[in-house]
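Visitor: If you scroll down you'll find the structure; I have some questions about it.
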Amino acid sequence: MAPGGGWDEAVAKNLQAGFYNHSFCPIGPEGPAFCIWEVREGITAEEFQEFIDGPNGVNFGLGAWMNICKEINLELAGNPPYARKF
Numbered sequence: 064m065a066p067g068g069g070w071d072e073a074v075a076k077n078l079q080a081g082f083y084n085h086s087f088c089p090i091g092p093e094g095p096a097f098c099i100w101e102v103r104e105g106i107t108a109e110e111f112q113e114f115i116d117g118p119n120g121v122n123f124g125l126g127a128w129m130n131i132c133k134e135i136n137l138e139l140a141g142n143p144p145y146a147r148k149f
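Here it is, written out as structure tokens:
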């Protein structure tokens, strides 16, 4: 996300809550988009889904996106693609 426009505050709030968006990768103007999020240890998949669909997630609580969350097994992928935040 680019600096400014309220994003800095949103990123700080998400970090404090245990979530960090490393990348947003839209495939085309009509979608889909793939994102890489990091979640602090101890946060469940259900808690992440609630966050991503909630008022502080990508939908801003509006239900504008259909979010399908999948965990990346780093044992299969090797090293994380991004420097860890947590």
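Okay, so the sequence shown: first residue is 64 according to the numbering used here, each after it adds one. We put the beta carbon where it would ideally sit given N, CA and C, even for glycine.
For Ile131, count the other beta carbons within 10 Å of its own beta carbon; 16 or more makes it buried, fewer makes it exposed. Which is it?
Guide: exposed
Visitor: State whether the stretch 67-76 contacts the stretch 86-94, with contact taken as three or more CB pairs (one from each stretch) at a distance under 8 Å.
Guide: no
Visitor: Ends of the beta strand (DSSP E) at Ile99?
Guide: Ile99 -> beta strand (DSSP E) spans 96-102.
Visitor: In terms of alpha-carbon separation, which member of Gly81, Phe82, Cys98 lies closest to Cys88?
Guide: Cys98
Visitor: To the nearest angstrom, report how far apart Gly126 and Ile90 are at their CA atoms.
Guide: Approximately 20 Å between the Cα atoms of the pair.
Visitor: Using 8 Å for Cβ pairs, my map puts Phe123 next to Phe82. What's the rounded Cβ distance?
Guide: Contact doesn't hold; Cβ gap of about 14 Å is too wide.
Visitor: Where Val102 and Asn119 are concerned, what is the direct C-alpha to C-alpha distance, given to the nearest angstrom?
Guide: Val102 and Asn119 have their C-alpha atoms spaced approximately 14 Å apart.
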